[in-house]
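The next block holds one structure in the form of structure tokens; read it before the comments.
Protein chains: 2
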Amino acid sequence: MKKISAVLVLFSLFQLASFAEKIKPAVNGIEFPHGYQNWRVISVSHRVDNKTLRVIYGNDAAIKAARAGKTNPWPDGVIIGKVVWKQTKAKHWQAAIVPNKFVHAEFMFKNSKKYAATVGWGWARWKGLDQKPFGKDASFSKKCIACHTPVKKNDWVFTTPASLPKL
Amino acid sequence: MKKISAVLVLFSLFQLASFAEKIKPAVNGIEFPHGYQNWRVISVSHRVDNKTLRVIYGNDAAIKAARAGKTNPWPDGVIIGKVVWKQTKAKHWQAAIVPNKFVHAEFMFKNSKKYAATVGWGWARWKGLDQKPFGKDASFSKKCIACHTPVKKNDWVFTTPASLPKL
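Those sequence lines, one after another, are chains A and B.
For what it's worth, this note's numbering labels the leading residue of the first sequence as 95, then goes sequentially.
For what it's worth, this note's numbering labels the leading residue of the second sequence as 95, then goes sequentially.
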């Protein structure tokens with residue numbers, strides 16, 4: 095019995111390990127933020143230029159900061175995630191644009207010291223439903239920062255938290 | 095000291111009670127689903143006909159059903175919530191449509207027995223940041239059902255859960 099239990103424990107640990115490892119870190123070393131699909135919402139957007147819909151998620155620190163209006167700067171520990179889908183028309187309401195194919199999930203990790211070299215944020219993106227890391231080498235952050243430069247004075251963040259009734 | 099403590103306890107209870115009571119039930123008797131702002135996301139939409147953006151939230155039962163693909167019919171206990179904002183253009187990205195003023199939060203409560211008279215769903219809407227109940231009398235559900243008739247074969251629900259990487 096002891097042997098069987100030991101084998102089962104080892105097998106379970108192996109399964110856990112392989113699950114945690116199956117999505118690779120970004121090429122700059124940032125680990126995949128497992129479970130972001132369960133995070134709460136900061137806002138949404140519809141980019142008509144590239145025909146995509148987005149949900150902007152926040153980890154607990156981000157939701158706390160957003161609801162307290164502490165977003166310039168966002169505090170260290172905040173993670174903001176943007177999930178992007180190609181758009182389509184709702185089948186039974188043609189004037190409604192809704193998500194179609196999942197494109198990618200991209201994240202900003204706030205740590206003013208750790209990520210001082212990249213304007214205080216760690217940048218990462220995982221593509222497709224299999225969540226493959228984006229970019230060939232760590233220099234991809236330059237592209238992120240270049241695109242976010244118009245919101246430099248907004249702590250490099252495009253999103254304004256959507257208004258909600260107070261809890 | 096005992097008196098002061100008793101007064102403080104009473105005062106705290108009074109505050110809790112007044113908080114819970116300050117948002118009135120819908121006119122059909124459905125209670126306000128406190129805390130929906132913390133629910134997880136089923137999908138999003140952009141209605142170009144009335145220039146609004148929406149997040150479709152689900153309670154735990156709804157998220158479980160959505161992820162298991164059990165949405166026709168949705169199981170009893172499911173609550174689906176739609177939060178609606180007027181749209182505006184993002185200040186620093188003109189091609190992005192983002193939420194502006196909060197309009198209302200509207201809900202469908204699935205209970206095939208309790209709500210058999212209204213196609214198996216309880217219907218309710220609360221308007222504005224102060225969450226005032228919508229409608230003058232319980233007949234407002236007829237309007238909800240009339241509008242949802244195109245999706246009668248989809249258990250009266252417009253929303254298709256957005257595709258996300260598996261957890």
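Heads up, the beta-carbon is just placed ideally off N, CA and C, and yes, glycines get one too.
Closer than 7 Å between beta carbons: that is the criterion. Which residues of the region 119 to 135 of chain B meet it against chain A?
Residues of the region 119 to 135 of chain B that bring their beta carbon within less than 7 Å of a beta carbon in chain A comprise G129, Q131, N132, R134, V135, in sequence order.
Is the shortest distance between the beta-carbon of R141/B and the beta-carbons of chain C less than 7 Å?
No chain C is present in this structure, whose protein chains are A and B.
Which residues mark the beginning and the end of the alpha helix (DSSP H) in which F234/B is found?
Start and end: 234 to 242.
Identify the continuous beta strand (DSSP E) that holds A120/B and give its terminal residues.
Boundaries cannot be given for A120/B, as no beta strand (DSSP E) includes it and DSSP labels it neither H nor E.
Using the C-alpha atoms, what's the distance from Y151/A back to H198/B?
Here the alpha carbons of Y151/A and H198/B stand approximately 21 Å from one another.
Using 8 Å for Cβ pairs, my map puts S257/B next to I191/A. What's the rounded Cβ distance?
Not confirmed; about 15 Å, so no contact.
Under 7 Å between C-beta atoms, does A240/A make it to chain B?
Contacts with chain B at 7 Å (Cβ-Cβ) do not include A240/A.
Cβ of I191/A within 7 Å of any chain B Cβ
Yes, I191/A counts as interfacial toward chain B.
Express the C-alpha separation of A156/A and S137/B in angstroms, rounding to a whole number.
Spanning the two alpha carbons is a distance of roughly 20 Å.
When you compare only the Cα positions, how much space is there between A159/B and A211/A?
Distance between the alpha carbons of A159/B and A211/A: 43 Å.
Count the other CB atoms within 10 Å of the CB of L261/B; is the residue buried (16 or more) or exposed (fewer)?
Per the 10 Å Cβ criterion, exposed.
Reduced DSSP secondary structure (H/G/I, E/B, other) of V245/B
The three-state secondary structure of V245/B, taken from DSSP, is helix.
Counting only beta-carbon atoms, is S206/A nearer than 7 Å to chain B?
By this cut-off, S206/A is not an interface position.
Which ranges does the alpha helix (DSSP H) cover as unbroken runs of at least 4 residues, wholly within the region 128 to 177 of chain A, from first to last along the chain?
If you keep only unbroken alpha helix (DSSP H) runs of at least 4 residues inside the region 128 to 177 of chain A, you get 154 to 162.
Straight-line gap, F196/A to T254/B (C-alpha atoms, nearest Å):
If you take the alpha carbons of F196/A and T254/B, they lie about 13 Å apart.
Please name the residue in A232/B, W168/B, H242/B whose C-alpha comes closest to that of W187/A.
Considering only alpha carbons, the answer is H242/B.
Per-residue DSSP class, three states only, for T253/A:
The answer is coil: DSSP assigns T253/A none of H, G, I, E or B.
Starting from V192/A and walking both ways along the beta strand (DSSP E), at which residues does that stretch end?
That run of the beta strand (DSSP E) goes 187 to 204.
Quick one: which residues of the region 216 to 242 of chain A get their C-beta closer than 7 Å to a C-beta of chain B? List them in chain order.
For the region 216 to 242 of chain A, the set of positions with a beta-carbon nearer than 7 Å to some beta-carbon of chain B reads L223, Q225 in chain order.
Assigned exposure category for G163/B - 16 Cβ within 10 Å defines buried:
G163/B sits exposed, since fewer than 16 C-beta atoms from the chains shown fall within 10 Å of its C-beta.
Check whether the region 163 to 173 of chain B and the region 204 to 221 of chain B touch, using three or more Cβ-Cβ pairs below 8 Å as the test.
Short answer: they touch.
Nearest chain A C-beta to P255/B closer than 7 Å, yes or no?
Contact with chain A is absent for P255/B, since none of that chain's Cβ atoms lies less than 7 Å from the residue's Cβ.
Of the listed residues A184/B, F234/B, P259/B, nearest to V121/B (C-alpha basis)
The candidate whose alpha carbon is nearest that of V121/B is F234/B.
Is L147/A buried or exposed, if buried means 16 or more other CB atoms sit within 10 Å of its CB?
Its Cβ being crowded by 16 or more others within 10 Å, L147/A is buried.
Output the distance between the C-alpha atoms of P259/A and K176/A, rounded to the nearest integer angstrom.
The straight-line gap from Cα to Cα measures roughly 23 Å.
Does P244/B come within less than 7 Å of chain A when only Cβ atoms are used?
Cβ-Cβ to chain A under 7 Å: yes for P244/B.
Alpha carbon to alpha carbon, how far is N144/B from K208/A?
Cα to Cα, the separation comes out at about 45 Å.
Does any C-beta atom of chain A lie closer than 7 Å to the C-beta of V172/B?
With 7 Å as the cut-off, V172/B does not count as an interface residue toward chain A.
In chain order, what residues of the same chain have a beta carbon less than 8 Å from the beta carbon of N194/A, not counting five sequence neighbours either side?
Exclusion of the five residues before and after N194/A leaves W179, K180, Q181, T182 as the residues of its chain whose Cβ lies within less than 8 Å of its Cβ.
Distance cutoff 7 Å, beta carbons only. Does H186/A sit that close to anything in chain B?
Nearest CB-CB separation between H186/A and chain B: below the 7 Å threshold.
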